[in-house]
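>
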Amino acid sequence: MRTAPGAIMRHLLSRSFVGIAALTVTVPALAQVQAQPAGRGLAGSYDRAADRLAAVEEAVRDLQASVYSVEGGQRPLAAQPAPRQAPAADASTVIRLQELEQQVAELTGRIEELTFRLASQQRQINTMLEVIGTPDPMAGPTVSGAEETDEGAQPQELAEAVQAGEGSTTSEPATMVELPDDPDEAYDVAYEALLAGDYPRAEASFAAYSAKFPEGVRTPEAKYLLGEIYLATGAYKEAASTFLDHVRSYPEDPRAAEAYLKLGTAFARLDRADEACKLFAASESKFPDASQSVKARLSAERNRVGCAAG
């Protein structure tokens, strides 16, 4: 099972920031080391060559650690410090120094490539966060105490309310998509469309995925993201129907608390404030261990809708 997209986003952001910070420290250090004089050949000062070799080896180790922190994978073997040798070994010291300097140049090139890749990933993440894992743009920023009720709205009542709602629906013809037969490949097609900001194609792909793989491991996530797309594009009836299906079908899903919150938001957009407030209360009651982010968004949405204080 793959990590949920919201967690992937946070993970990518964290690794990007840490990696970039490490690189900004390491690269200037390398520049300083490479700027040191190389000595005066084999007949030059042994101490100067040995000190320079030690400095370059240390810089290589730091650079390898920086590249590893961004690339992941198997940690590279750190360059071992060369032992102090007698002056007669100056030739091998200089050769070792040249090898390390070449390694520094290669690693620096990899850093430049990684920096470009990180910038590209950051742009994709920013696009994704417009739809996933951020407070709804129409919600008020105020966060305060939340109401608590004894019972939430019942599924049948909610289903009837969805049918009675007069919210926006998608007006453009549905985008036709043909997904691969492999569930993971099919999910990736839909998810890549979402990352690219192609919401009509992402909507069609997630809907097709849910229909094609109704028992799939990633179907709950696909339905949740489909509901997010509907909510973000103003298709509130479709959003309510999709999130209602999610909370009915996947009560133990990691995103169940968020699905309740989004279902309440969809009802609020359909001018069904009473049902929305019941759902917000149900979310708080059913998921007391929800993340602080979800709790803050829940409180802000209740304030925006005007749910009565408990």
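For reference, each letter of the sequence shown is one residue, going -31 to -1, 1 to 279 in mature numbering (1 follows the signal peptide of the UniProt record, and there is no 0).
Ideal Cβ placement from N, Cα and C applies to all residues, glycine included.
Computed from a prediction, not measured in an experiment: that's the story for all the values here.
1. Just how far apart, CA to CA, sit Leu239 and Ala209?
2. Assuming Phe182 contacts Ala225 under a Cβ cut-off of 8 Å, what Cβ separation, rounded to an integer in Å, is found between them?
3. If the criterion is Cβ atoms closer than 8 Å, does the pair Val216 and Ala242 meet it?
4. Just to confirm, are Phe249 and Glu270 a CB contact at a threshold of 8 Å?
5. Give a yes or no on whether the C-beta atoms belonging to residue 312 and Arg187 are separated by under 8 Å.
6. Around the Cβ of Glu26, are there at least 16 other Cβ atoms within 10 angstroms (buried) or fewer (exposed)?
7. For residue 325, count neighbouring C-beta atoms within 10 Å of its own C-beta (all shown protein chains included) and say buried if the count is 16 or more, exposed if not.
8. Scan the region 136 to 196 and note each continuous beta strand (DSSP E) run of 3 residues or more that stays entirely inside, going in chain order.
9. Classify Gly233: buried if its beta carbon has 16 or more other beta carbons within 10 angstroms, exposed otherwise.
10. Rounded to the nearest angstrom, what separates Gly185 and Ala191 at their Cα positions?
11. Return yes when the Cβ of Leu213 is within less than 8 Å of the Cβ of Val263, no when it is not.
12. Tell me where the alpha helix (DSSP H) around Glu221 begins and ends.
13. If you draw a straight line from the C-alpha of Lys206 to the C-alpha of Pro223, how long is it?
14. Would you mind sorting Glu227 into buried or exposed? The rule is 16 or more other CB atoms within 10 Å of its CB.
15. Flag this pair as yes or no: are the beta carbons of Val158 and Pro152 separated by less than 8 Å?
16. Using only the alpha-carbon positions, how far apart do Leu163 and Ile80 sit?
17. Below 8 Å between beta carbons: does that hold for Leu267 and Ser252?
18. Measuring alpha carbon to alpha carbon, tell me which residue in Ala171, Gly78, Glu147 is nearest Leu195.
19. In three-state DSSP terms, what is Asp258?
20. According to DSSP, simplified to helix, strand and coil, what is Ala277?
21. How many angstroms separate the CA atom of Asp258 from the CA atom of Leu66?
Here's the rundown:
1. 9 Å
2. Wrong, their Cβ atoms sit about 20 Å apart, outside the cutoff.
3. no
4. yes
5. Residue 312 falls outside the range modelled here, since the chain spans only -31 to 279, and no answer is possible.
6. buried
7. Past the edges of the chain, shown from -31 to 279, lies residue 325, and the structure says nothing about it.
8. none
9. buried
10. For Gly185 and Ala191, the distance between alpha carbons rounds to 10 Å.
11. no
12. No alpha helix (DSSP H) contains Glu221, which DSSP labels as neither H nor E.
13. 24 Å
14. buried
15. No.
16. If I take the Cα positions, the gap works out to 28 Å.
17. yes
18. Distances from the alpha-carbon of Leu195 to those of Ala171, Gly78, Glu147 put Ala171 closest.
19. Three-state DSSP puts Asp258 in coil, outside helix and strand.
20. The DSSP-derived three-state label of Ala277 is coil.
21. Annotation: Asp258 to Leu66 spans about 56 Å, alpha carbon to alpha carbon.
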